[in-house]
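Taking it in order: structure first as structure tokens, then the write-up.
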Amino acid sequence: MILSASLLACNTATKEAPLFEALSADQTGIQFENKLHPNEQFNMFHYMYYYNGAGLATGDFNNDGKADIFFASNEGDNQLYLNKGALKFTEVSKEAQIPQDSAWNTGVSVVDINNDGLLDIYICRLGNFEKFISKNQLLICVGIENGIPKYKEAAAEYGLDFSGFSTQASFFDYDQDGDLDVFLLNHSVHQNGTFAPRTSFMGTFDPLSGDRIFANNNGRFEDVTKASKINSTAISYGLGVVMSDINLDGWVDIYAGNDFHENDYLYINQKNGSFKDEQKERLMHTSQYSMGVDAADLNNDGFPEIVSMDMLPKDPYILKRSLGEDDYDIYQYKISVGYDYQFTRNNLQWNRRNGKFSEVGMYAGMFATDWSWATLLMDFDNDGYKDIFVANGIPKRMNDMDYVNYVSNQEIQEKIRDNKMGEKDMALIDRFPEIKIPNQFFLNKKGLSFDDKEKAIVNNPPSYSNGAAYADFDNDGDLDLVVNNVNDKSFIYENKSNQDTTAHSVAVTLKGAAKNINAIGAKLVLFTPGEIRTYEKFPVKGFLSSMEIPLSIGLKNTKVDSAFLVWPNNSFQKINPAEFKKRQLNLSYQMGLPLFNYDFIIYYLI
980 MILSASLLAC NTATKEAPLF EALSADQTGI QFENKLHPNE QFNMFHYMYY
1030 YNGAGLATGD FNNDGKADIF FASNEGDNQL YLNKGALKFT EVSKEAQIPQ
1080 DSAWNTGVSV VDINNDGLLD IYICRLGNFE KFISKNQLLI CVGIENGIPK
1130 YKEAAAEYGL DFSGFSTQAS FFDYDQDGDL DVFLLNHSVH QNGTFAPRTS
1180 FMGTFDPLSG DRIFANNNGR FEDVTKASKI NSTAISYGLG VVMSDINLDG
1230 WVDIYAGNDF HENDYLYINQ KNGSFKDEQK ERLMHTSQYS MGVDAADLNN
1280 DGFPEIVSMD MLPKDPYILK RSLGEDDYDI YQYKISVGYD YQFTRNNLQW
1330 NRRNGKFSEV GMYAGMFATD WSWATLLMDF DNDGYKDIFV ANGIPKRMND
1380 MDYVNYVSNQ EIQEKIRDNK MGEKDMALID RFPEIKIPNQ FFLNKKGLSF
1430 DDKEKAIVNN PPSYSNGAAY ADFDNDGDLD LVVNNVNDKS FIYENKSNQD
1480 TTAHSVAVTL KGAAKNINAI GAKLVLFTPG EIRTYEKFPV KGFLSSMEIP
1530 LSIGLKNTKV DSAFLVWPNN SFQKINPAEF KKRQLNLSYQ MGLPLFNYDF
1580 IIYYLI
């Protein structure tokens, strides 16, 4: 009897309080599923990114005070779901006049491109490739009728009807002229295992794969890629992009993650309309197969860290049957022809505040999460420290040794090259193992160390999850999550932090200047005892997804000494600390504010 009581007490003590709970389609009403149908005419042998999935976006599309969801689909129809409250959603794609056509959709960006107070949607697509002739879409919201937003397609009107191998677009003001420009991340579609000298690509421009920058010229976007000095080559295997003021000089910088052997790009804004790739000078190494990326201050010292995803398994069974790091001779050869040091694992780049980064993913405990896509740096429990979410999984593991040995066969290579993969070949591929794994949650323990909280997620289903986004869907003061899955219905993770009455938070809504009404690029800076917390407003992050939502400021056990809001043009205003006792805070841009002194804040921090 005593032994039974002891065991019960032990089990009770080790059981974790729930952090999130995964809600099913029956609970939320979200029936969207990114269903793929590979066949002899189009499959992963035709398009190596066939199983990369698609993105989504969160934002208040009908201006009713609740965050809605737009889903992108690879082979099916894109769908818009409106939030009806209490974590219930209803699809209104037809009523909203969302175009339904046969296109391979990838990344989604939400932006008020015409600054009329209505959110618009930019959708990247695969174009000029095999059967796909699509152009990127820009859905302009033309009004709201009976609570439903209405859209029309207008990409050509704005100069954004790019047709190529698009991954994700990010809107930002790179030249500080007050309006929003666009960085367009693209990807290559061919990777044959050979590594030509990198110098043979540098300075070249590929019309389909190369990344682009479009400058906003009175509402019309013009290609200024060459003048911007970014890389725009045939080996731009771009899968993830995030904007952040990396060096705290008040100008927006860019981190773009590239798959395969191409280096990741760390573009530092030169303040003259151009960028300089300083990845080699600032980072010691990067992830090799970089997928989703995000940037945020993880240790509350005022400087942003950078996180990139890769595909190192943590399960020993999967690890042993997976292709690992490059062989030594291949590794050395790639370095000899201009490629930088890369390793197949998640990277956490610690900002050393001196212009350099140290990669500490293994120390942080988040370096191995399997085949990972989205990473989102967000505050799970409102304690003021940003945590890490990882969406992962893929139906066909192209690094599985059985798969590698199969496709390396000369006969199969000839069939792939000559486009003669038949029904029997496809049936054999279907027999390759498909291993679903649950998404990962890491809680910030401070000091750049994280706890794996998989056991604190209720009903966390194994899945093939790709795009992911967050928002406070039930307006209870904590951030929920939604993921886009391959061959499964999308699901929402409900945040359970609101059960802790001390987990106070403030939702900060910004109304910017006339040409950037949602204040993309703004920074909120909070000084607390011994810390400085920064929150940057950039909607695009993670993988193929974006979030146009209020800034969520977690204040559990926090005393705010002082606070500043730095607008995108670097003017700033002080905020009374008493304002953070509210649940919601609305701030509007005012003309004539003084400029923020970054030299002072850097001196203060260092």
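Residue numbers are given in the working numbering: position 450 of the sequence shown equals residue 1429, and the series is strictly consecutive.
The beta carbon of each residue, even a glycine, is placed where N, CA and C say it ideally should be.
Keep in mind it's a predicted model, so treat the numbers as computed, not measured.
Between residue 1134 and residue 1452, the C-beta gap is not smaller than 8 Å, which leaves the two residues out of contact.
Here residue 1151 is near residue 1517, since their CB atoms are less than 8 Å apart. The shortest CA-to-CA distance from residue 1450 to any of 996, 1036, 1018, 1011 is the one to 1036.
Going by beta carbons, residue 1258 and residue 1319 fall inside the 8 Å limit. Residue 1095 is classed as exposed because its beta carbon has fewer than 16 other beta carbons within 10 Å across all chains shown. Fully enclosed beta strand (DSSP E) runs of no fewer than 3 residues occupy 1191-1196, 1199-1202, 1217-1223, 1232-1237 of the stretch 1164-1239, in order along the chain. Collapsing the DSSP output to three states places residue 1072 in coil. In this structure, residue 1114 lies away from residue 1075, with their beta-carbon atoms at least 8 Å apart. Judged by beta-carbon spacing, residue 1120 lies beyond the 8 Å limit of residue 1148, meaning their Cβ atoms are not closer than that value. A distance below 8 Å separates the beta carbons of residue 1191 and residue 1163.
Per DSSP, the continuous beta strand (DSSP E) segment holding residue 1128 begins and ends at 1127-1132. For residue 1340, the enclosing alpha helix (DSSP H) begins and ends at 1340-1343. Taking a contact as a CB-CB distance under 8 Å, the pair residue 1531 and residue 1458 counts as one, their CB atoms being some 5 Å apart. Our two residues, residue 1503 and residue 1545, have alpha carbons roughly 6 Å apart in a direct line.
If you draw a straight line from the Cα of residue 1055 to the Cα of residue 1333, it comes to about 47 Å. A Cβ-Cβ distance of about 6 Å is found for the pair residue 1030 and residue 1375, placing them in contact under the 8 Å criterion. With a beta-carbon spacing of about 19 Å, residue 1575 and residue 1559 fall beyond the 8 Å limit used to define contacts. Closest in C-alpha terms to residue 1040, from the list 1088, 1402, 1007, comes 1088.
Just so you know, the alpha carbons of residue 1393 and residue 1024 end up roughly 12 Å apart. By the C-beta criterion, the stretch 1207-1215 is judged to be in contact with the stretch 1230-1247, since at least 3 inter-stretch pairs fall below 8 Å.
Apart from sequence neighbours up to five positions away, the residues of its chain that approach residue 1082 with a beta-carbon distance below 6 Å are 1104, 1113, ordered along the chain. The beta carbons of residue 1363 and residue 1512 sit about 6 Å from each other, so the pair counts as a contact at 8 Å. Check the Cα spacing between residue 1010 and each of 1515, 1061, 1021, 995: the tightest is with 1061. Taken through DSSP and simplified to helix, strand or coil, residue 1458 comes out as coil. Out of 1165, 1201, 1539, the CA that lies nearest to the CA of residue 1189 is found in 1165. In this structure, residue 1460 lies away from residue 1144, with their beta-carbon atoms at least 8 Å apart. Judged by DSSP in its simplified three-state form, residue 1559 adopts helix. Only residues of its own chain outside the window of five on either side were considered, and among them 1192, 1194 have a CB closer than 6 Å to the CB of residue 1203, listed in chain order.
Per the coordinates, the alpha-carbon of residue 1432 lies some 7 Å from the alpha-carbon of residue 1419.
Cβ contact annotation for residue 1434 (same chain, cutoff 8 Å, sequence separation greater than five): 995, in chain order. Assigned with DSSP and collapsed to three states, residue 1280 falls in strand. With respect to residue 1427, residue 1343 sits close: the two C-beta atoms are nearer than 8 Å.
Note: residue 1423 is bridge-paired with 1429 in the DSSP secondary-structure output. Residue 1017 and residue 1553 have their C-alpha atoms spaced approximately 56 Å apart. Note that the C-beta distance between residue 1033 and residue 1523 is below 8 Å. Counting the other Cβ atoms within 10 Å of the Cβ of residue 1328 gives 16 or more, which makes it buried.
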